[in-house]
Amino acid sequence: MISMYTRQEIILKYHVEGKSGRAISRVLCISRKTVQNAINEYQRSLSESGDSKEALHVSLREEKQYDSSKRVKKKLTEEITAVIDNLLAQNLKKRATGLQKQVLKKQDIHILLQEQGFDIGYTTVCGYIKNKSNQVAKEVFIRQSYTPGSSCEYDWAEVKLEISGKQQKFQLAVFTSSYSNYRYAMLYSKQDTLSFMEAHVGFISHCGGAFKEMVYDNMRVAVAKFVGKHEKEPTRALLDLRGYYQFSHRFCNAYKGNEKGHVERSVEYVRRKSFGYKHEFDSIEDASVYLYGVIDRINDTQQQLTGKSANELFEEEKSLLRPCSHPMECSQMETLRVDKYATISLKTNRYSVPEKLVGEFVEVKVYSSKIIIFYHNIRQGSHLRSYGKHQWIIQIEHYLETFKAKPGALANSSALISNGYLKTIYDQYFQQQPRAFIDLLQYCYTKQVDQARLSLTINKLSHHDGFQVNIEAVMALLGNHDDLDIIRPSQKSSEIQAISKQHLQEMAKLLLN
Numbered sequence: 142m143i144s145m146y147t148r149q150e151i152i153l154k155y156h157v158e159g160k161s162g163r164a165i166s167r168v169l170c171i172s173r174k175t176v177q178n179a180i181n182e183y184q185r186s187l188s189e190s191g192d193s194k195e196a197l198h199v200s201l202r203e204e205k206q207y208d209s210s211k212r213v214k215k216k217l218t219e220e221i222t223a224v225i226d227n228l229l230a231q232n233l234k235k236r237a238t239g240l241q242k243q244v245l246k247k248q249d250i251h252i253l254l255q256e257q258g259f260d261i262g263y264t265t266v267c268g269y270i271k272n273k274s275n276q277v278a279k280e281v282f283i284r285q286s287y288t289p290g291s292s293c294e295y296d297w298a299e300v301k302l303e304i305s306g307k308q309q310k311f312q313l314a315v316f317t318s319s320y321s322n323y324r325y326a327m328l329y330s331k332q333d334t335l336s337f338m339e340a341h342v343g344f345i346s347h348c349g350g351a352f353k354e355m356v357y358d359n360m361r362v363a364v365a366k367f368v369g370k371h372e373k374e375p376t377r378a379l380l381d382l383r384g385y386y387q388f389s390h391r392f393c394n395a396y397k398g399n400e401k402g403h404v405e406r407s408v409e410y411v412r413r414k415s416f417g418y419k420h421e422f423d424s425i426e427d428a429s430v431y432l433y434g435v436i437d438r439i440n441d442t443q444q445q446l447t448g449k450s451a452n453e454l455f456e457e458e459k460s461l462l463r464p465c466s467h468p469m470e471c472s473q474m475e476t477l478r479v480d481k482y483a484t485i486s487l488k489t490n491r492y493s494v495p496e497k498l499v500g501e502f503v504e505v506k507v508y509s510s511k512i513i514i515f516y517h518n519i520r521q522g523s524h525l526r527s528y529g530k531h532q533w534i535i536q537i538e539h540y541l542e543t544f545k546a547k548p549g550a551l552a553n554s555s556a557l558i559s560n561g562y563l564k565t566i567y568d569q570y571f572q573q574q575p576r577a578f579i580d581l582l583q584y585c586y587t588k589q590v591d592q593a594r595l596s597l598t599i600n601k602l603s604h605h606d607g608f609q610v611n612i613e614a615v616m617a618l619l620g621n622h623d624d625l626d627i628i629r630p631s632q633k634s635s636e637i638q639a640i641s642k643q644h645l646q647e648m649a650k651l652l653l654n
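The structure is reproduced here in structure tokens:
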């Protein structure tokens, strides 16, 4: 079919310039048959109207319409469509029986047709399947109404943040009230059972009570397994939460995120409104504080349909929530053996324990963000939990007795290198005195001197003339003394003499008695 522009050129050259069909064909580089058809159409219009101007006007402005209703498909025969329809029917049956991941795609159907000897193109198959799909009735959505405190929806979302210059993946746990559209969200390192449970405990504590029903999709931390076509068995974690907070639950149908549409939109909205504007933070704690601020602003915003904010509507719900006096404990207990490096292995990562426990079995209480180590029900230490792979999380105070016996092992030990601040102090002031450095660490551990206080003390010494950073000076200042004069070299010897004289006098009295 020629374009309107080409047809206009043919008619103008024939009617105005008086050129023949052969000449027009040669000038426009199109076939003589095409030129002649356009001229015949013009002449037919001229004979019907009897007016050359009207016929010319109609031919130049009206685009030629072709009737394709009676056109017969040359390759898409009834035999081929019957095969395609049968394969599509099998796909529907698979979806209904939970085999949606095993349905045939358009490409698979085309390959099967070719294997059966049918000569048909891939685009033709795609076009037929698309037309067939359009004939299926569209899904109808039913608007829902909720009463205050009746239902709350939960979902996960992945978010990428830059923490201290390093990009990391985090999981955003999002809750949304079905009635008030009140939102709450928390950041976790991993989408696991402990995070799932802690998110619920944190949300219920924040709200002051539990909703009557919680709604979930088919997330693995909530669904243990599928039982039949529509039934799902909840995980032990969800059952524990249900039993403690006394709420019911409902799972959405597979691939029906619209059945919990509030939280589906909240996940996208919260992620975009918060970390779409800012994604760089010094720590995960800073990111969490920022997130809570964004959530507060979102909940204070007036909603279009109600004219009220989520906070205002949520006030109506608070009194209807099921109260709970104490938060539920969310942890897992593991029994692990301490290896020769005085570490335990948890999820490919190693955590140090006191060196006296080498070869013993310890109980480890695992939380989403930390672990606590017990031996015979006595707490032995704790660590922040790492979600990396094959990491060594070491506390140097767990190895002090070994370092006293092997001071040469201190300089290149993982225990020292993993603590950048202590490594800097050692290299600057104690590189030739490893035993003194070990004594200082023992003193700090025994007296519960934290890194901030130790840092302040060393800075105070290093920024005053006439003082050296050594173990005596540091320990003197750490002993609840704020005055540097107590460790001036001129007074140090006299103080030692006075103390020695007092000890000798006391010993003499004992001997005389």
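Just so we're aligned, residue 142 is where the sequence shown starts under the numbering used here, counting upward by one.
C-beta atoms are modelled at their ideal positions from N, C-alpha and C, and glycine is treated no differently.
Would you report the Cα separation of residue i and residue j, rounded to the nearest angstrom?
i: S144; j: L254; result: 36 Å
i: S321; j: S346; result: 18 Å
i: M682; j: S596; result: No answer is possible for residue 682: the residues shown for the chain start at 142 and end at 654.
i: A385; j: A365; result: Before going further, note that residue 385 is Tyr rather than Ala in the sequence given. Straight-line Cα distance between these residues: approximately 19 Å.
i: G529; j: N490; result: 7 Å
i: F502; j: G349; result: 40 Å
i: I324; j: R438; result: According to the sequence shown, residue 324 is Arg rather than Ile. Answer to the nearest angstrom: the Cα atoms are 10 Å apart.
i: T238; j: L229; result: 15 Å
i: T222; j: K242; result: 24 Å
i: I535; j: K547; result: 18 Å
i: S554; j: L313; result: 37 Å
i: I425; j: S330; result: 9 Å
i: F259; j: K235; result: 25 Å
i: P375; j: F337; result: 13 Å
i: E542; j: E496; result: 8 Å
i: F578; j: T587; result: 14 Å
i: N399; j: T175; result: In this prediction, N399 scores a pLDDT of 48, lower than 50, which makes its location untrustworthy; no coordinate-derived value is stated.
Pick from the options: whose alpha carbon is nearest that of residue i?
i: V507; options: K419, T598 and E339; result: E339
i: L706; options: C170, D591, Q177 and A428; result: With the chain running from 142 to 654 in the structure shown, residue 706 is simply not present.
i: S509; options: K488, E150 and E220; result: K488
i: Q574; options: Y586, A552, L462 and Y584; result: A552
i: Q583; options: L619, S603, Q609 and L602; result: L619
i: S291; options: L602, F544, Y492 and L462; result: L462
i: C465; options: G417, R236 and K353; result: K353
i: L446; options: S286, S186 and L379; result: S286
i: V362; options: M355, A378 and V356; result: A378
i: V168; options: T147, S188 and D381; result: T147
i: Q308; options: L432, A451 and E421; result: E421
i: G417; options: N600, L477, V300 and R406; result: V300
i: G306; options: K511, F392 and D423; result: D423
For the beta strand (DSSP E) that residue i lies in, which residues bound it at each end?
i: A326; result: R324 to Y329
i: K247; result: Element bounds for K247: not the beta strand (DSSP E) but the alpha helix (DSSP H), K247 to E256.
i: G522; result: I519 to L525
i: T317; result: K307 to S318
i: E456; result: Careful: E456 lies outside any beta strand (DSSP E), inside the alpha helix (DSSP H) at A451 to K459.
i: L581; result: It is not in any beta strand (DSSP E) - L581 instead sits in the alpha helix (DSSP H) that spans P575 to T587.
i: N611; result: That residue, N611, is in no beta strand (DSSP E); it is neither H nor E in DSSP.
i: L595; result: Run containing L595: none in the beta strand (DSSP E); it sits in the alpha helix (DSSP H), Q592 to S603.
i: I304; result: S292 to I304
Under a Cβ-count criterion, where at least 16 other Cβ atoms within 10 Å of its own Cβ denotes burial, should residue i be classed as buried or exposed?
i: K215; result: exposed
i: V368; result: exposed
i: G268; result: exposed
i: E303; result: exposed
i: K154; result: buried
i: Q521; result: buried
i: K373; result: buried
i: S460; result: exposed
i: P289; result: buried
i: L233; result: exposed
i: K401; result: Since pLDDT at K401 reaches only 48, below the 50 mark, its modelled position is unreliable, and the value read off the structure follows with that caveat. It is buried - the Cβ of K401 has at least 16 other Cβ atoms within 10 Å.
i: I519; result: exposed
i: A593; result: exposed
i: M474; result: exposed
i: P630; result: Reliability fails at P630, whose pLDDT of 46 lies under 50, so the model's placement of it is uncertain and no value is given.
i: H467; result: exposed
i: Y540; result: buried
Could you tell me the boundaries of the alpha helix (DSSP H) in which residue i lies?
i: Q149; result: M145 to H156
i: E339; result: T334 to C348
i: I171; result: Where I171 is concerned, there is no enclosing alpha helix (DSSP H), given that its DSSP letter is neither H nor E.
i: Y570; result: G561 to Y570
i: I261; result: Segment: none, I261 is in no alpha helix (DSSP H) and carries neither H nor E.
i: V224; result: E219 to A237
Could you tell me which uninterrupted beta strand (DSSP E) segments, each at least 3 residues in length, are contained entirely in the region 531–557, listed from first to last along the chain?
Fully enclosed beta strand (DSSP E) runs of 3 or longer: not present.
Please specify which runs of the alpha helix (DSSP H), each continuous and at least 4 residues long, are wholly inside the region 355–437, giving them in chain order.
Fully contained in the region 355–437 are the following alpha helix (DSSP H) runs of length 4 or more, in chain order: 377–386 and 402–416.
3-residue-minimum beta strand (DSSP E) runs that sit fully inside the region 469–517, ordered along the chain:
Runs of the beta strand (DSSP E) inside the region 469–517: 473–478, 484–487, 490–493, 502–507 and 511–516.
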